[in-house]
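Visitor: Here it is, the structure, as C-alpha cells.
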Amino acid sequence: MKTAFKVRDARPGDAPAIYELVRELAAYEKLTHVCTGTPEQLHEHLWGPRPYIEALLAEVERGGRMHAVGFALYFHNYSTFLAQPGLYLEDLFVLPEYRRNGIGEALFREVAHRAVERGCGRFEWAVLDWNTPALDFYRNLGATIMPEWRICRATGSTLRAMAAGGTSA
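Count along the sequence shown from 1, then add 1234; that gives the number in the working numbering.
Here it is in C-alpha cells:
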C-alpha cells in the first residue's frame, strides 16, 4: 500500500527540517564533507530580504503530526539563447524508506508545473553519473540526459582568486 503524503511550499520554520533532509542527501551522495551550510543560512536564503531559492516539502502523517520526508529546492536562471527565464532544480530528495510512493515524482512535477506557469523556457538539473536510480527516474519522466555538457564550479579560495583576477594553483 502506498504512503499518503502532501506536497506544500516550504514556510518559515521549515529550515531545520529542510536542512536535515539536505544532510541525508549529502550522506546518500557521499558528500557530507562539503555540506557546511546551516539551517539559519537556509532560512535567510529562503525568506530573507533577498530570497535566492524556493523549496517544496513532502510530508507524511506519523503519530498525529506531519513529518518532512522529501524536498525540492529550486531557483530561477536565465537562457540567453531562448531569451527566457528558466528554473533550475538544485536538489530533489526523498528519504529512502519513503521512495516508490510517488513523492519524488510529485515534487518534480510541481517544480516543472511552476516552470510552465512562470513562462520558463527550460527546466534543468544535474545528476551524478553514478546515480543510476536517479538517471532512470528522470529518463522515465521524459528527460534528456545531456552527456556532452559538464558542470564547472569554483568555490572558496578559487572563487575568491577568480574574483580578484588571479588564479588558485
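For glycine and all other residues, C-beta sits at the position ideal for the given N, C-alpha and C. Everything numeric in this text was worked out from a predicted model, so none of it was measured.
(1) I think H1301 touches E1293, with their Cβ atoms under 8 Å apart; what is that distance to the nearest whole Å?
(2) Is it buried or exposed, A1306, if we count other Cβ atoms within 10 angstroms and call 16 or more buried?
(3) Give me whichever residues DSSP pairs with S1313 in a beta bridge.
(4) With a 10 Å radius around its C-beta and 16 neighbouring C-beta atoms as the bar for buried, classify A1317 as buried or exposed.
(5) Which residue wins for smallest C-alpha separation from R1387, given the options M1396, I1379, Y1332, Y1253?
(6) In this structure, does DSSP put W1364 in helix, strand or coil?
(7) Go to R1296, then tell me how far its alpha helix (DSSP H) extends in each direction, as first and last residue.
(8) In the DSSP output, which residue or residues are listed as bridge partners for M1235?
(9) Please work out which residues of its chain come closer than 6 Å, Cβ to Cβ, to T1266, disregarding the five sequence neighbours upstream and downstream, and give them in chain order.
(10) Report yes or no: do three or more beta-carbon pairs, one from the segment 1321 to 1341 and one from the segment 1239 to 1251, lie closer than 8 Å?
(11) Per DSSP, what kind of secondary structure is L1329 in: helix, strand or coil?
(12) How close, in whole Å, do the beta carbons of W1281 and L1323 come, if the pair is a contact with beta carbons under 8 Å?
(13) Tell me which residues share the same chain as R1231 and place their Cβ nearer than 8 Å to its Cβ, disregarding the 5 neighbours each side in the sequence.
(14) Classify V1268: buried if its beta carbon has 16 or more other beta carbons within 10 angstroms, exposed otherwise.
(15) Give the secondary structure of A1349 by DSSP, where H, G and I count as helix, E and B as strand, and everything else as coil.
Guide: According to the structure data:
(1) The count along the sequence shown starts at 1 and reaches residue 1301 at position 67. The count along the sequence shown starts at 1 and reaches residue 1293 at position 59. Indeed they touch by this definition, with Cβ atoms about 6 Å apart.
(2) In the sequence shown, residue 1306 corresponds to position 72, counting from 1. Result: buried.
(3) In the sequence shown, counting from the first residue as 1, residue 1313 sits at position 79. The partner list for S1313 (beta bridge, DSSP) reads Q1318.
(4) In the sequence shown, residue 1317 corresponds to position 83, counting from 1. Flag for A1317 reads exposed.
(5) For the purposes of this step, residue 1387 is taken as the residue at position 153 of the sequence shown. When only C-alpha atoms are compared, the closest one is M1396.
(6) Mapped onto the sequence shown, residue 1364 falls at position 130. In this structure, W1364 counts as coil in the three-state DSSP scheme.
(7) Here the question's residue 1296 lines up with position 62 in the sequence shown. In the DSSP annotation of this structure, R1296 is not part of any alpha helix (DSSP H); the continuous beta strand (DSSP E) holding it starts and ends at 1288 to 1296.
(8) Reading the sequence shown from its first residue, position 1 is the one you call residue 1235. None, per the DSSP bridge assignment.
(9) Within the sequence shown, numbered from 1, the residue matching residue 1266 stands at position 32. The residues are A1260.
(10) Look at the beta carbons and you see the segment 1321 to 1341 touching the segment 1239 to 1251: at least three pairs across the two are nearer than 8 Å.
(11) What you label residue 1329 is simply residue 95 of the sequence shown in a count that begins at 1. DSSP places L1329 in coil when its eight states are reduced to three.
(12) Locating residue 1281 in the sequence shown gives position 47, where the first residue counts as 1. Locating residue 1323 in the sequence shown gives position 89, where the first residue counts as 1. With a Cβ gap of about 20 Å, W1281 and L1323 do not count as contacting.
(13) There is no way to answer for residue 1231, as the model of the chain reaches only from 1235 to 1403.
(14) The sequence position of residue 1268 within the sequence shown is 34, counting from 1. Exposed, by the Cβ-count rule.
(15) One-based indexing of the sequence shown puts residue 1349 at position 115. Looking at A1349 - three-state DSSP - the assignment turns out to be helix.
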